[in-house]
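Participant: What follows is a single structure, and I will ask about it in a moment.
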RNA sequence: GACUUGCUAGUUCAAUGGAUAGAACGGGGCUCUCCUAAAGCUCAAAUCCGGGUUCGAUUCCCGGGCGGGUCACCA
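This is the structure:
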């Protein structure tokens, strides 16, 4: 809620108290932007008071409107006029009030950023007393390169971290790399058998792609063996189990667990290749981490936590030696934590990771950015961590986002229907570069290097916005046959609006906030009102964990500006005070657009 | 099967229980001697079905239909 809304809320409450003798709850004061077809700026919905007033909605709206006009501060009246339409009280706010709001926004360097999360840090001493939120995202396996599903994860994770930081949290971005297990052994084995010593250098392939190729190769050869075995009369299940390649991979995993020096050395070497590849992709995507954990370090930690839980009676052991948690009292099943041979499972590893993280940081809130297919896993993890005494366990947030689907369904690595992250970014940037070749007027005189840099920002901006504008909880569709738009409700549209403003500001003389006009055109007023919404948008995005909320707002702001820009000239305005006002407006629209896009990880070019 | 989640123009997406359900792309028609036309203006086009709660339901509840997902000693 911005200061304007606060003031109106308080006026409305006073009105209700004076007229009907009841204290209105905050939730009963419903304010919304007045629809354009009606006169006014802010609308109070009066239906909640109709019952206590025992009058028709229209009459209630009329009464409250009159009361507000007669009782607001006389020397600086905020509300200029009103009209009542059914249960809606439309209030008109004075131009001078709006201009003051604009000046305040201009003076506020941290507009849209908050000092503290709700509830804590009451004295404004939040610099050293910030609550700490850890955001886990990305969390790749080291046997294949990143694809579009990871892209959604990475962009959401990074953006959520930015948004929570704007809401006053100290945020630690983290990544748990799934670097051990049968999947990586498969790649290693295929490389040993068929690789002839191929390296990223010798092949010219990115490390993660190289390893991914051997993972696919393993699958191909494995299927061949199964086919041979079943042709020889073996049933399929047995063939899958007994195929020599699978047995070898399992043997390799056992050697890995036993610290066999040769296997470990190969593992380390191949993982390094993958990390180099991932790092490049992350850098390109513009995401980063403050702390990286590796499953190879955390899974043993998990085992010992489970042993502790066993000792304390939180878990129990079955006759075959496997360890389980009984969650039936929580309405869930029994969950395996250690296999009968003593090896760990996915859950064990996550417990170990939590333990290490909690040792390293004073975590107040733990957020896991993981797909919605793992909802059950995190429900269980929350209960288990709570039982093991982790303060954040019960309230951990599983930021459960939807899948990216292709026209014919889900992406499947093995079926080759994945959209590769590196390829996609390449294509977006190339498309942006191609489009920019028509912009001979605006981009004249810039170097090839600058042009490429603009194309990079615009191409990635299009991709990021395309993904982030969708409600994260919902599945979304990506059609590789249709290229991602650069027109309409897109990242480039917002970047373009920003570049236009920068162009105007470059040509303008310095801003003089004191000498601005106090008369507003409706388009100017509308734009100021939109700017005023920004802080509450940042709040909502934080509460709902939704970068899409930021996207919607930035788009609306850019639309409002473009409409204003089209109708009213800034630099050619003869009236000096009006011109000053418009420049001030433009500068602050640019400021807010830049700030909003930064929350999404989208860079803004100065020209395009 | 159980649990869970979703269903809105031709397509991809919006809409704290509020006024005539918004955009974009695609389709039709306009606007560059004018601060960047990656823009602006304009026309046609949608809430899966049936009940209920409410002054008011795309939104909440119940039933049905159709899609996702989860129910592994995989991660």
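Residue numbers (the numbering used here): 5 to 612.
Note that beta-carbon positions come from the ideal geometry of N, C-alpha and C, so glycine has one too.
For clarity, every value in this text was computed on a predicted model and none was experimentally measured.
1) For the alpha helix (DSSP H) holding residue 277, just list the boundary residues, first then last.
2) Could you check which residue in 515, 587 and 213 has the C-alpha nearest to that of residue 427?
3) State the DSSP-derived secondary structure class of residue 104, mapped to helix, strand or coil.
4) Considering Cα atoms alone, identify which of 28, 165 and 320 is closest to residue 548.
5) Quick one: Cα of residue 380 to Cα of residue 402, how far?
6) Use the C-beta contact count for residue 21: other C-beta atoms within 10 angstroms, 16 or more gives buried, fewer gives exposed.
7) Can you tell me which residues form a DSSP beta bridge with residue 179?
8) Opposite residue 138 in the DSSP bridges: which residues?
9) Residue 437: which of 359, 417 and 464 sits nearest, CA to CA?
10) Within the continuous alpha helix (DSSP H) that includes residue 338, where are the two ends?
11) Could you tell me which of 564, 580 and 105 sits nearest to residue 536, measuring between CA atoms?
12) Judging by CA-CA distance, which residue of 358, 359 and 321 is the nearest neighbour of residue 343?
13) Run the CB neighbour count on residue 126, radius 10 Å, all protein chains shown included, and call it buried at 16 or more, exposed below.
14) May I ask you to report which of helix, strand or coil DSSP gives residue 504?
15) Given this structure, state the Cα-to-Cα distance separating residue 107 from residue 584, to the nearest angstrom.
16) Please identify the residue among 14, 35 and 98 whose C-alpha is closest to the C-alpha of residue 27.
17) Considering only DSSP beta bridges, list what residue 414 is partnered with.
18) Which one or two residues does DSSP pair with residue 87 in a beta bridge?
19) Mind checking residue 42: buried by the 16 CB within 10 Å criterion, or exposed?
20) Alpha carbon to alpha carbon, how far is residue 292 from residue 283?
21) State the DSSP-derived secondary structure class of residue 37, mapped to helix, strand or coil.
22) Where residue 394 and residue 101 are concerned, what is the direct C-alpha to C-alpha distance, given to the nearest angstrom?
23) By DSSP, does residue 530 sit in helix, in strand, or in coil?
24) Let me check understanding here. Comparing Cα to Cα, which of 225, 357, 142 and 446 lies closest to residue 248?
25) For the candidate residues 480, 579 and 51, whose alpha-carbon lies nearest to that of residue 412?
26) Here's the rule: buried if 16 or more other CB atoms are within 10 angstroms of the residue's CB, otherwise exposed. What is residue 273?
27) To the nearest angstrom, how far is it from the Cα of residue 309 to the Cα of residue 335?
28) Which residues does DSSP list as the beta-bridge partners of residue 56?
29) Which residues mark the beginning and the end of the alpha helix (DSSP H) in which residue 243 is found?
30) Give the range of the alpha helix (DSSP H) segment to which residue 616 is assigned.
31) Closest by CA to residue 158, which one among 252, 408 and 560?
32) Assuming the contact rule is C-beta atoms closer than 8 angstroms, residue 560 and residue 554 should be a hit. Round their C-beta distance to whole Å, please.
33) Looking at the strands, I want to know which residues DSSP matches up with residue 71.
34) Using C-beta distances below 7 angstroms, list every residue in its chain close to residue 339, excluding the 5 sequence neighbours before and after it, in chain order.
35) Using DSSP's beta-bridge definition, name the partner residues of residue 575.
36) Please tell me whether residue 211 and residue 260 are closer than 7 angstroms, where the distance is taken between their beta carbons.
Facilitator: Straight from the coordinates:
1) From DSSP, the alpha helix (DSSP H) with residue 277 extends over 265-289.
2) The candidate whose alpha carbon is nearest that of residue 427 is 213.
3) helix
4) 165
5) 10 angstroms
6) exposed
7) Beta-bridge pairing links residue 179 to 296.
8) 176 and 370
9) Check the Cα spacing between residue 437 and each of 359, 417 and 464: the tightest is with 464.
10) No alpha helix (DSSP H) contains residue 338, which is instead part of the beta strand (DSSP E) from 338-342.
11) Residue 105 holds the alpha-carbon nearest to the alpha-carbon of residue 536 among 564, 580 and 105.
12) 321
13) At residue 126, the pLDDT of 42 sits below 50, so the modelled position is not reliable; the number obtained from the coordinates is stated separately. With fewer than 16 other Cβ atoms within 10 Å, it is exposed.
14) helix
15) 12 angstroms
16) Check the Cα spacing between residue 27 and each of 14, 35 and 98: the tightest is with 14.
17) DSSP lists 409 as the bridge partner or partners of residue 414.
18) 94
19) exposed
20) 9 angstroms
21) strand
22) 50 angstroms
23) helix
24) 225
25) 480
26) exposed
27) 23 angstroms
28) In the DSSP secondary-structure assignment, residue 56 is not bridged to any residue.
29) 240-246
30) With the chain represented from 5 up to 612, any question about residue 616 goes unanswered, as that position is not in the structure.
31) 408
32) With 8 angstroms as the limit, residue 560 and residue 554 do not qualify as a contact, their Cβ atoms being about 11 angstroms apart.
33) Paired residue(s): none; residue 71 is not in a bridge.
34) 328, 329, 331, 351 and 384
35) Answer is none; residue 575 lacks a bridge partner.
36) Cβ distance not < 7 angstroms, so residue 211 and residue 260 don't count as in contact.
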